[in-house]
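Please read the structure below before turning to the comments.
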Amino acid sequence: MAITKEPGQKGVSWSNIAVGGIMNMFEVTTLGQPLEVLKTQMAANRSQTMFQAIKTVWSRGGVAGFYQGLIPWAWIEASTKGAVLLFTASEIETTATAAGISPAVAGLLGGMGGGIFQAYATMGFCTCMKTAEITRHKQAAAGIKPPSTWAVFADIYRREGIAGINKGVNAVAVRQCTNWGSRMGFARLAEDSIRKFKGKGEEEKLSAVEKILSSSIGGALATWNQPIEVVRVEMQSMAKGAERGEKKTILNTLSYIYKENGIKGLYRGVTPRIGLGIWQTVCMVSFADYVKLWVKGQ
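Under the UniProt record's numbering, the sequence shown has 139 at position 139, and the numbering climbs by one with no breaks.
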């Protein structure tokens, strides 16, 4: 995941920043957004089974229903957050390694810092609007015609300003910090385990299958923080209720979900999120490494 620097290179290569944006665009446009929509549907409607969630999303327009929020919000988010993540994670990791911290811990710190920075810099309003796009169809069930995505954006901004369109950004930051810290940490740990099992030295390259396997392990294990994701969805949901209260914080939202749905409610949508975590980590760790090597060879 870290950006590989040539000897004597200062700063971050612009090509690596571009690779971050391109790989995130690829990830979200392929499997990313369908899994994101399904995960959000289950987290927002915690009584639904996986099959019921799939039927509900399909009813919104077939295949197109699984790409709700892709344009423009997911594309805006993807084209920026990858670059921010790679830039920040690389700088933190380089500084930490120079200070004598082990590569594994440096990678963990880089992932955590990169996740926090991308949340506040680019993801807050995009994640909020994607969730609004997916959950606003609850209004249709109440007999209200859902407004367009731009009308939703304008209405939230008019009523609540910048804070409104960044609603839930603190939960996003906690999620991204634990997401990328865990993904990079577990992926590195898996790589080390594979090297030891295969008898490979630290400098020996892993095969494509081995890199994808280690990234998949990292992506899957990083979903331990699903309660944070369910809280984030609830905070950004268009659904209103007196029992929720207008002022949603991480703690009171967590308490509300637990009272309503118990422990199981806090893990709703974890299955599609495992798939999403694996795909994101494979794209941003394994595939990105190969793309960076290809760019350097041009």
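Think of the CB as a built atom: it goes at the ideal place given N, C-alpha and C, for glycine as much as any other residue.
Check: Which whole runs of the alpha helix (DSSP H) in the stretch 68-119 are 4 residues long or more, in chain order?; Outcome: 75-98 and 103-118
Check: Three Cβ pairs or more, each shorter than 8 Å: is that satisfied between the stretch 263-280 and the stretch 32-39?; Outcome: yes
Check: What's the gap between the Cα of N45 and the Cα of L31?; Outcome: 21 Å
Check: Please state whether DSSP places Q52 in a helix, a strand or coil.; Outcome: helix
Check: Given a cut-off of 7 Å on the beta-carbon distance, is the pair M25 and S79 in contact?; Outcome: yes
Check: Look at E87 and I17 and say whether their C-beta atoms are less than 7 Å apart.; Outcome: Here residue 87 turns out to be Phe, not Glu, going by the sequence shown. Yes.
Check: Let me know if E204 comes out buried or exposed under the rule of 16 or more other beta-carbons within 10 Å of its beta-carbon.; Outcome: exposed
Check: My understanding is that Y258 touches G269, with C-beta atoms under 8 Å, so please give their C-beta distance in whole angstroms.; Outcome: No, Y258 and G269 are not in contact; Cβ-Cβ is about 16 Å, not under 8 Å.
Check: Residues in its own chain within less than 8 Å of I54 by CB, not counting five upstream and five downstream?; Outcome: L38
Check: T29 and V84 look like a contact to me (Cβ under 8 Å); what is the Cβ gap, rounded to whole Å?; Outcome: No, T29 and V84 are not in contact; Cβ-Cβ is about 19 Å, not under 8 Å.
Check: Please say whether N225 and T271 have beta carbons closer to each other than 7 Å?; Outcome: no
Check: Assuming G219 and V282 make a contact with CB atoms under 8 Å, what is their CB distance in whole Å?; Outcome: 7 Å
Check: Within 10 angstroms of its Cβ, does W279 collect 16 or more other Cβ (buried), or is it exposed?; Outcome: buried
Check: Here's the rule: buried if 16 or more other CB atoms are within 10 angstroms of the residue's CB, otherwise exposed. What is E77?; Outcome: buried
Check: Rounding to the nearest angstrom, what Cα-Cα distance links R159 and V152 in this structure?; Outcome: 11 Å
Check: Taking its Cβ as the centre, do 16 or more other Cβ atoms sit within 10 Å of S255, making it buried, or is it exposed?; Outcome: exposed
Check: Whose C-alpha, out of A74, G110, R175 and E210, is nearest the C-alpha of A190?; Outcome: E210
Check: Less than 7 Å between the beta carbons of G181 and L108, yes or no?; Outcome: yes
Check: When we look at the beta-carbon of Q52 and count the other beta-carbons within 10 Å, is it buried (16 or more) or exposed?; Outcome: exposed
Check: Taking the Cβ atom as the reference point for each residue, do V291 and V19 lie within a distance shorter than 7 Å?; Outcome: yes
Check: Cβ atoms of E93 and A106: under 7 Å apart, would you say?; Outcome: yes
Check: Please report the distance separating the alpha-carbon of A64 from that of W58.; Outcome: 8 Å
Check: When you compare each of R175, I217 and V295 to D192 by their alpha carbons, which one comes out closest?; Outcome: I217
Check: Which residue from T40, N252, K81 and A119 puts its Cα closest to that of R175?; Outcome: A119
Check: Assuming the contact rule is C-beta atoms closer than 8 Å, A173 and I116 should be a hit. Round their C-beta distance to whole Å, please.; Outcome: 5 Å
Check: Quick one, are the C-beta atoms of residue 314 and I194 less than 7 Å apart?; Outcome: In the structure as shown, the chain starts at 1 and stops at 298, and residue 314 therefore has no counterpart that could be examined.
Check: So what does DSSP say about C283, is it helix, strand or coil?; Outcome: helix
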